[in-house]
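Accompanying notes for the structure given below.
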Amino acid sequence: MVSSVSNPGTSSHGKSVPVLQEILEPTPRITAQADRAAGFVDDRDASVIALLHDAGPLLLCLSHLRWDFVWQRPQHLLSRASAHYRVVYFEEPILTAGDGPQSLDLHVSPEGVLIAVPHIPAGTDPTTIVALQRSLLDTLLLELGNAVAVAWFYTPMAMDFAGHVQATTVVYDCMDELTLFRGASPRLVLLERQLLDRADLVFTGGRSLYEAKRGLHPHAHLFPSSVDAPHFQQARSDRTAPPSDQADLPHPRIGYFGVIDERIDYALLDAIAVARPDWSFIMLGPTAKIDPASLPRHPNLHWLGMKSYAELPAYLAGWDAGIMPFALNEATRFISPTKTPEFLAAGVPLVSTPIADVVTDWGTGGMVSIAADPDATIAAIEALLARPIEPWLTDVDHRLSQQSWDNTWGRMMEFLDSAGSHADRSAITAADDRRTIPRPD
């Protein structure tokens, strides 16, 4: 259930600003009867109320990514963090039509993370949007009660409205070079400098990012993409039921899953689909920052849309090879695709364009084949289809046995400990004893 709370006030800009503390957590708290008399009824879901008033240490995450979008690094890490912290995931605002007041929708994910989504009227000027985000955040923190143990940033843009938040430890988990993405704000560079000055720890999601950031912060650490191997190993099971929208597609099937945006090499896709009409190319994922009408269309090129994390193994189970057809451009210069070890855990042989981190981390020993153009890509796929899979799987399983998101989070926790984020370790132990958080299927 989604809970929505709002209340208009007045900002220094003359626009309406929420004063959510009058609804969420008055000091002193007014009674439910007084709430009703004032027209304020707390109809929030019990799980939201319970998490708001939990006494556990607070981890506040500021992210540019939707929790319910593609399951990737933030979800893997913070779902594990929720076993130790009260995790609040504060998203970018949704701009809504109409003249209604701004509000903050709250719901608890199945993993036990409190998702906070600001809703702000469309047409609000950028300065006021920042002011509204800050007001919504401050009021939420007021109800959450205790101090922020960890402020965890995925986007420097959040410094505009959350840079004032006092936290025991500030983490910048840099998973992308956002300044190079299409539509990036020109303020990103400045705000990242401010975040780097403020951060106690900088984690980087790939080797190229680490090399770019290590000279900018004394406590930068490399944490490349990891994998939930048991989840993707379900694709190796003969008991996996084929998805209906893929079941009738002819073999061999060559697939991709992930966000479909400016990082994909559409000319490469077009060329290999034309060259091999006897192969089925399957593309899973939502489109972003591109016009879907611009996607190449061929009878053997199938755009099947977004699939949930839980559905992915069933699709990969029916693929003969995987492809990561990334363009070589500014947006991909620093990427370290999480899907690389996920393909391997699923037992799907993989071809990638020469993305730096893929070449460095996976391009040796036959783990991932590298191909830079259509002819080389076709040749690499043909070689994979002809290669015995068992020796490769043995090497893959040995490599993947050395990494997992559990291990990654455990190592991050060690850095948080040493940075002083656990001022009261007993509070975390008590929080661990109180709740068991399920992971996604």
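Taking the numbering used here, the leading residue of the sequence shown gets 1150, the next gets one more, and so forth.
Each residue gets a CB set at the ideal place from its N, CA and C atoms; glycine is no exception.
These numbers were taken from a predicted model, which means no experiment stands behind them.
Check: In the DSSP assignment, what residue or residues form a beta bridge with Trp1301?; Outcome: Cys1210 and Val1320
Check: Grouping DSSP H, G and I as helix and E and B as strand, with all else coil, what is Gly1364?; Outcome: helix
Check: Under the assumption that Tyr1464 contacts Leu1433 (Cβ atoms under 8 Å), give the Cβ distance between them as a whole number of angstroms.; Outcome: 6 Å
Check: Per DSSP, which residues does Phe1430 bridge with? Please list them.; Outcome: Ile1403 and Leu1450
Check: Say the cut is 7 Å; is the CB of Phe1475 nearer than that to a heavy atom of the ligand GTP?; Outcome: The ligand GTP is not among the ligands present in this structure, which contains no ligands whatsoever.
Check: Given a threshold of 16 other Cβ atoms within 10 Å of its Cβ, counted over all protein chains shown, does Ile1243 qualify as buried or as exposed?; Outcome: exposed
Check: Quick one: using the 10 Å Cβ neighbour count with 16 as the cut-off for buried, is Glu1563 buried or exposed?; Outcome: exposed
Check: Three-state secondary structure (DSSP) at Asp1544?; Outcome: helix
Check: Consult DSSP for Ile1530 and reduce its assignment to one of helix, strand or coil.; Outcome: helix
Check: Where does Asp1414 sit, in a helix, a strand or coil, going by DSSP?; Outcome: coil
Check: Could you give the DSSP three-state label for His1225: helix, strand or coil?; Outcome: helix
Check: I think Asp1131 touches Arg1356, with their Cβ atoms under 8 Å apart; what is that distance to the nearest whole Å?; Outcome: Residue 1131 is absent from the structure shown; the chain starts at 1150 and stops at 1590.
Check: Nearest-angstrom Cα distance between His1368 and His1400?; Outcome: 49 Å
Check: Let me check understanding here. Comparing Cα to Cα, which of Leu1200, Ala1532 and Glu1241 lies closest to Ser1231?; Outcome: Leu1200
Check: Who are the Cβ neighbours of Pro1435 in its own chain at under 8 Å, not counting the five residues just before and after it?; Outcome: Phe1218, Val1219, Val1408, Ile1409, Gly1454 and Met1455
Check: Straight-line CA distance for Tyr1415 to Leu1214?; Outcome: 24 Å
Check: Could you work out which residue in Trp1468, Arg1385 and Ser1393 is closest to Glu1539 when comparing CA atoms only?; Outcome: Arg1385
Check: Measuring alpha carbon to alpha carbon, tell me which residue in Phe1492, Thr1288, Leu1293 and Ser1334 is nearest Ser1375.; Outcome: Phe1492
Check: Quick check on the DSSP output: what are the complete beta strand (DSSP E) runs of length 3 or more inside the segment 1242-1274, in order along the chain?; Outcome: 1243-1245, 1252-1257 and 1263-1270
Check: Please state whether DSSP places Ala1470 in a helix, a strand or coil.; Outcome: strand
Check: Of the residues Gln1382, Gln1383 and Phe1430, which one's Cα is nearest the Cα of Asp1397?; Outcome: Phe1430
Check: Note down the Cα distance separating Ile1403 from Ile1484, rounded to an integer number of angstroms.; Outcome: 22 Å
Check: Run the CB neighbour count on Pro1379, radius 10 Å, all protein chains shown included, and call it buried at 16 or more, exposed below.; Outcome: exposed
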